[in-house]
Amino acid sequence: MFLRSYKRKKNGKWHKYFSVVENRRVANGKAVQRTVLYLGEITSSQEDTWRKTLEVFDQDTGKTQQKLLFADEA
1470 MFLRSYKRKK NGKWHKYFSV VENRRVANGK AVQRTVLYLG EITSSQEDTW RKTLEVFDQD
1530 TGKTQQKLLF ADEA
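Structure follows, in structure tokens:
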């Protein structure tokens, strides 16, 4: 999962909105993306917190990995 940002001009001012997006593979092997959570307009500190929340540190490999918000659907 990752954060996706959208920019929009509203009333002469640019606004930035965020969503949490998940990558999945469907039966035919094609990759699709779905929005799992709309966050709206958030501050830069909230953006950093969300980015850290969506990553988990694997102590065995020493790398960060994206984690699933929901278990795989059966």
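For what it's worth, my numbering labels the leading residue of the sequence shown as 1470, then goes sequentially.
Glycine residues also receive a C-beta, built at the ideal position from the N, C-alpha and C atoms.
Going by alpha carbons, who is nearest to I1511 out of Q1534, V1489, G1481?
On the sequence shown, residue 1511 is found 42 positions in, with the first residue counted as 1. It is V1489 whose Cα lies nearest to the Cα of I1511.
Are the beta-carbon atoms belonging to Y1475 and G1509 less than 7 Å from one another?
Start at 1 with the first residue of the sequence shown, and residue 1475 comes out as number 6. Start at 1 with the first residue of the sequence shown, and residue 1509 comes out as number 40. Going by C-beta atoms, Y1475 is not nearer than 7 Å to G1509.
Classify E1491 as helix, strand or coil using the three-state DSSP reduction.
Locating residue 1491 in the sequence shown gives position 22, counting from the first residue. Strand, per DSSP.
How many whole angstroms separate the CB atoms of L1523 and F1471, which I take to be in contact at a CB cut-off of 8 Å?
Here residue 1523 is taken as the residue at index 54 of the sequence shown, counted from 1. Here residue 1471 is taken as the residue at index 2 of the sequence shown, counted from 1. The Cβ separation is near 6 Å, so the contact holds.
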